[in-house]
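Quick note: the sequence shown uses the working numbering, first residue 7, plus one each step. Glycine is no exception: its CB is placed at the ideal position from the N, C-alpha and C atoms. A quick write-up on the structure given underneath.
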Amino acid sequence: MSLIDNETFLPGVITEVESDYSYGYDSSQFGTTDSVVVVGTAFSGPVGTPVPIYNPEHARYIFGKTYESGSKKAATLVSAIEDAYQKGSRTIYAVRISGKEASKDFEFNSDSIYKLRLRSTYPTNQAKDFFMVYDNKEGEEKIKIFKPAERATIVEKMQGAIVSENDTIVLELKLNLDYGLTKDSSLVDVISVVNDHPYNNVVRLGIVDNDGLEVTSSDFEARQILLGSLFPGAYFIGRDVNHITPDTHINYRLITDGSSKPYQGFNGMIYKDLAYNTDVNSNLPIYAKDNKVLAQQLKNVEVFSTKHFDFLETTGLVDRVFGKNNEDYEEVNIDAFDIYQRLGSGFAVTARAEFRADASGKELVPKIKETPTTDVNRVKEIKDGIYSMLENMNAKYRVLACGNADEKIVGKLPRPKDFLVLSPVSTKILEGLIEVTPIIDPKAPVLPKKYEFNISNITDSATMANADAIYGGEVFTAIPFFDEGQLSQGVAPANGTVVAKKLVDPLLKTETGEIAIYSIYDSGLYEKTNIGGTNGIVIVEEDIYVLTTTPTTAYDESPVRVYRKATEADLFPGVISSNEKFILSENNTRVYVLQLNLDNTGKFIANSKHVSMLGDIQTMMSENEDETIIFSQSNDFEVNEVIIQSGILNSVTLEEFVELLNQSHSLNHLFKFSIAEEGLIFKDDYVMEIEITTGSGVTAATEKLEDKFTAGGNKLKPVLLPKDREVAYNYNLYVPYKTNDNFARQLAQHCTYTSLKTAPTHGIMGVATLNNRSIASVAKRIDEVLELDFDLYAKTSAGRNMLDRNNMPYPIGKNVSIVFTQYPFYTDEGELLRSNGAAGYAGMVSNLPLDQSSTNQPILLGELDFELTNYQLTRLTQKGYVTIKQSYTKGLVVTDGITMAPVESPFRRLNVTRIIGGVEQLIREASEPFIGKQNNQANRNSLHTAIKSGLEKIKGTLIEAYEFNLVVDPKVMKFAYIDIDYNIVPIYEIREVRNRIKVKDQL
7 MSLIDNETFL
17 PGVITEVESD
27 YSYGYDSSQF
37 GTTDSVVVVG
47 TAFSGPVGTP
57 VPIYNPEHAR
67 YIFGKTYESG
77 SKKAATLVSA
87 IEDAYQKGSR
97 TIYAVRISGK
107 EASKDFEFNS
117 DSIYKLRLRS
127 TYPTNQAKDF
137 FMVYDNKEGE
147 EKIKIFKPAE
157 RATIVEKMQG
167 AIVSENDTIV
177 LELKLNLDYG
187 LTKDSSLVDV
197 ISVVNDHPYN
207 NVVRLGIVDN
217 DGLEVTSSDF
227 EARQILLGSL
237 FPGAYFIGRD
247 VNHITPDTHI
257 NYRLITDGSS
267 KPYQGFNGMI
277 YKDLAYNTDV
287 NSNLPIYAKD
297 NKVLAQQLKN
307 VEVFSTKHFD
317 FLETTGLVDR
327 VFGKNNEDYE
337 EVNIDAFDIY
347 QRLGSGFAVT
357 ARAEFRADAS
367 GKELVPKIKE
377 TPTTDVNRVK
387 EIKDGIYSML
397 ENMNAKYRVL
407 ACGNADEKIV
417 GKLPRPKDFL
427 VLSPVSTKIL
437 EGLIEVTPII
447 DPKAPVLPKK
457 YEFNISNITD
467 SATMANADAI
477 YGGEVFTAIP
487 FFDEGQLSQG
497 VAPANGTVVA
507 KKLVDPLLKT
517 ETGEIAIYSI
527 YDSGLYEKTN
537 IGGTNGIVIV
547 EEDIYVLTTT
557 PTTAYDESPV
567 RVYRKATEAD
577 LFPGVISSNE
587 KFILSENNTR
597 VYVLQLNLDN
607 TGKFIANSKH
617 VSMLGDIQTM
627 MSENEDETII
637 FSQSNDFEVN
647 EVIIQSGILN
657 SVTLEEFVEL
667 LNQSHSLNHL
677 FKFSIAEEGL
687 IFKDDYVMEI
697 EITTGSGVTA
707 ATEKLEDKFT
717 AGGNKLKPVL
727 LPKDREVAYN
737 YNLYVPYKTN
747 DNFARQLAQH
757 CTYTSLKTAP
767 THGIMGVATL
777 NNRSIASVAK
787 RIDEVLELDF
797 DLYAKTSAGR
807 NMLDRNNMPY
817 PIGKNVSIVF
827 TQYPFYTDEG
837 ELLRSNGAAG
847 YAGMVSNLPL
857 DQSSTNQPIL
867 LGELDFELTN
877 YQLTRLTQKG
887 YVTIKQSYTK
897 GLVVTDGITM
907 APVESPFRRL
917 NVTRIIGGVE
927 QLIREASEPF
937 IGKQNNQANR
947 NSLHTAIKSG
957 LEKIKGTLIE
967 AYEFNLVVDP
977 KVMKFAYIDI
987 DYNIVPIYEI
997 REVRNRIKVK
1007 DQL
């Protein structure tokens, strides 16, 4: 975005976030020097937010270490902060450039569109070592938070909570005893207790909706969720490897009597009672009602437990049970082009995919090429990033610690997979009037699912279930048959998917009619031993199977539990009574009502499935004012039926019917419904009265939907959606992959924008440090940096030069200094680091009086890694680099305080830039209160007095006596202008005109 010539740009607001965890750190010196913003990578801390830093220890506490020995990764932010602090800066803001949220969403124990999100306070790989345990024991509800010792707050350290660096700190929140919170308390109140606790600096809780958006405080229904909705157990982030056998068992309870409620505030119909879960991939906590059952599993990995989750108190022990994922939440080792993109306000060359096909026309993997120069999309603007977020922040110096001036920003051509997009496949139902779009996660490559939509007109409400006719003793699990052939597509189903596998006689090689139940993990099958409940009953594709104690044959696979198709004797009257015509089935954590397909004698109807699908339990057990029941399931490996039965199609408009579908508890997590283009003209018509035209020309016919329903036996023809998603190459996608820009020019342009729009800003950066510091290596590096052309002109979004009012490129070198030096320094913890001088120079300059140049001023260094000859110093200074030399009387000093401005510009000297910046700031501060006021003589006089008063304070100190006459452009009533040396200039822009600003000699 071009801010230099865009006067309509409205600046946003930059929020300086005071760290939640600065308690205990001395902030008395903060603000005593000019401000320095350091931008770099870190192992922890907030991303893209300026955080005030009081001292290096505070920086380490917020942003983590400088080096991680295990991964051999080094971060740049904290080391640069320490360098600037040691050189005198006491007003430091830290900005972390990269990192992504470490979080996981967990189900509640009642049917809900909401989920509990557990996330790390800041993006960090340490989140994999943060755990939360919820104990729901009546009257003793508590939450425990486990964290490594190095995440201890300063108060915890002072209290002696840390004995060893390998300790695990356990923060126990007694919700009932200390806070008076029970299972009937609002979960939002519990979340506040957890999130606001002064010692909890590692995790945050929140409630998210179907779209993954946090609605903890903004959604009324989310605020009605109670603590009792939370499953007990251990909650983990960033772990996806099961070293113990993964298994899950949930008991579903039908609640029809107030006395059977699990807690007083429960108002649902189905309560999910977690009995057992050892699958860390599931969206459930790890838990076992009987700890002995879990303890037996833990023994298999040499972990011994005597009480619930005591193994979490020993550092590293949990790694034997559940392994960490490979996700890098810190993003410390990002390449130069990635850094450039995250900084923003730049431009890049793009690549695109070219379609290829074989002789038969079959699509081949595309060829990826750089976008040709004839394509208008060859160069794309990189808009918002860290720099755009900092443009409205008043901080004088910006240090880029994660990029070097001499670094070439190169990129690799994207791979074909980078052009693959996962998108939903839509279909149309109700004779093409309603469009159905599946809800999918575009980042989750799972098997496509099949759906068949059936719409019926209910003329008899007898199919509606009632509580007395439902067998509520157990909720049976519905399972699809396993189709191994679908795995050949290269995309596996989600871990934890439960399937039924048909068993084959090992001798005859034929199916026996018996099955075994398995879970899929990483494409492998694990037998489930706890499914089928107390009666050993499961439902597989609308047939009922029961556990058998006498398998037909001995199987090579040796399944522990074998199931066969049920007979009437297996169910009646031992399990289901004669008056119970309906049973409950669970599919993907949702409960539905199924009708038993029995004849008048109580036997299963021949050549028919055992059950028929009706609708969700909430609709069928409540007062259904809409007279609409809906059934839907979402399994891999089978065609999922979506059954919509409605008795109000003759009294509901098309628009109202679509709204009803979108509000359905059974459908709103799977699909979004909208009126198709063909149906827009009928949106206000009753569904049954809509007239559909079929055919064309002489065969065209008009028929009411009511007639179509009648002709089909009150049903419309089913609509099959063969797959709900597809992966395809996007040939319209342009992927940025390289730039001919450089970090120095990008930083200079950011500082120029900020200076023109907000406050005077100067960027400082260095060059890459040398490992080989021999005389020859240093000389070679000097030759290399002297040959660099930073092209320090303002650029458009297309990478072309911006032109000033004289039609010349707009120079921006005055807003950046590049330091060429290298020195060692020790951190407060005794760690030896090496600096390229950028942060150190910024720290020194920030401590200088405004009327003092940095030239020949001492800088607090012990030694240099290499000293430059006078000849080398001269060459580098002439090129615009800031260097450090040894003086006779002051020790190490700055050779010349210069900028990268053109040689002939007065802004070549940093002290000129600083002085003019001081003048600009005074004028801004004096003028800003008058912007927007009436343009009358009284306001003009007040403005003139305010400006003159401010300038009088520095008269004779910074600049020679100078007369500023206030003028107001009559065409721009809201902006004040001043006349500098007979040139009218906006108050927010002091133009670079040589010899017009008279500065006292500082050399």
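Spatial distance of residue i from residue j (CA atoms)
{"i": "leucine 426", "j": "serine 265", "result": "54 Å"}
{"i": "tyrosine 258", "j": "arginine 596", "result": "10 Å"}
{"i": "arginine 102", "j": "threonine 379", "result": "35 Å"}
{"i": "aspartate 1016", "j": "asparagine 142", "result": "Any question about residue 1016 goes unanswered here, given that the chain covers just 7 to 1009."}
{"i": "leucine 882", "j": "isoleucine 922", "result": "25 Å"}
{"i": "glutamate 969", "j": "leucine 928", "result": "Low local confidence applies: a pLDDT of 36 at glutamate 969 is under 50, so the model's placement there is unreliable, with the coordinate-based value given in what follows. Distance between the alpha carbons of glutamate 969 and leucine 928: 15 Å."}
{"i": "glycine 478", "j": "lysine 423", "result": "49 Å"}
{"i": "leucine 211", "j": "arginine 125", "result": "7 Å"}
{"i": "alanine 506", "j": "phenylalanine 487", "result": "5 Å"}
{"i": "lysine 885", "j": "alanine 407", "result": "22 Å"}
{"i": "glutamate 548", "j": "isoleucine 635", "result": "18 Å"}
{"i": "threonine 905", "j": "asparagine 813", "result": "24 Å"}
{"i": "valine 888", "j": "isoleucine 87", "result": "20 Å"}
{"i": "lysine 980", "j": "glutamine 940", "result": "Unreliable placement is indicated for lysine 980, whose pLDDT of 32 sits below 50; the coordinate value is still reported in the next sentence. So the two alpha carbons sit approximately 8 Å from each other."}
{"i": "leucine 673", "j": "asparagine 216", "result": "12 Å"}
{"i": "methionine 808", "j": "phenylalanine 796", "result": "15 Å"}
Residue i, buried or exposed, once every other Cβ within 10 Å from all chains shown has been counted against 16
{"i": "glutamate 441", "result": "buried"}
{"i": "tyrosine 894", "result": "exposed"}
{"i": "aspartate 381", "result": "exposed"}
{"i": "leucine 370", "result": "exposed"}
{"i": "serine 614", "result": "exposed"}
{"i": "asparagine 248", "result": "buried"}
{"i": "aspartate 642", "result": "buried"}
Identity of the residues DSSP links to residue i by a beta bridge
{"i": "phenylalanine 578", "result": "DSSP lists no partner for phenylalanine 578."}
{"i": "isoleucine 476", "result": "Phe588"}
{"i": "glutamate 376", "result": "Ala357"}
{"i": "leucine 280", "result": "Ile256"}
{"i": "glycine 329", "result": "Val247"}
{"i": "valine 431", "result": "Answer is none; valine 431 lacks a bridge partner."}
{"i": "lysine 79", "result": "Glu74"}
{"i": "arginine 570", "result": "Val552"}
Supposed contact pair residue j and residue i - C-beta distance, whole angstroms, cut 8 Å
{"i": "leucine 122", "j": "leucine 236", "result": "7 Å"}
{"i": "valine 208", "j": "lysine 153", "result": "5 Å"}
{"i": "leucine 349", "j": "isoleucine 392", "result": "5 Å"}
{"i": "histidine 255", "j": "tyrosine 277", "result": "Wrong, their Cβ atoms sit about 15 Å apart, outside the cutoff."}
{"i": "lysine 721", "j": "serine 462", "result": "5 Å"}
{"i": "phenylalanine 749", "j": "glycine 409", "result": "4 Å"}
{"i": "isoleucine 231", "j": "leucine 181", "result": "That pair is no contact at about 15 Å."}
{"i": "valine 405", "j": "valine 43", "result": "7 Å"}
{"i": "phenylalanine 831", "j": "glutamine 92", "result": "6 Å"}
{"i": "isoleucine 435", "j": "aspartate 730", "result": "The pair is not a contact, with the Cβ atoms about 14 Å apart (cut-off 8 Å)."}
Simplified DSSP assignment, three categories, for residue i
{"i": "isoleucine 345", "result": "helix"}
{"i": "glutamine 651", "result": "strand"}
{"i": "leucine 179", "result": "strand"}
{"i": "glutamate 969", "result": "Residue confidence is low: glutamate 969 scores 36 on pLDDT, short of 50, so the model does not pin down where it sits. No coordinate-derived value is stated."}
{"i": "asparagine 807", "result": "strand"}
{"i": "alanine 506", "result": "strand"}
{"i": "lysine 891", "result": "strand"}
{"i": "glycine 145", "result": "coil"}
{"i": "lysine 801", "result": "strand"}
{"i": "isoleucine 698", "result": "strand"}
{"i": "isoleucine 623", "result": "helix"}
{"i": "aspartate 562", "result": "coil"}
{"i": "proline 817", "result": "strand"}
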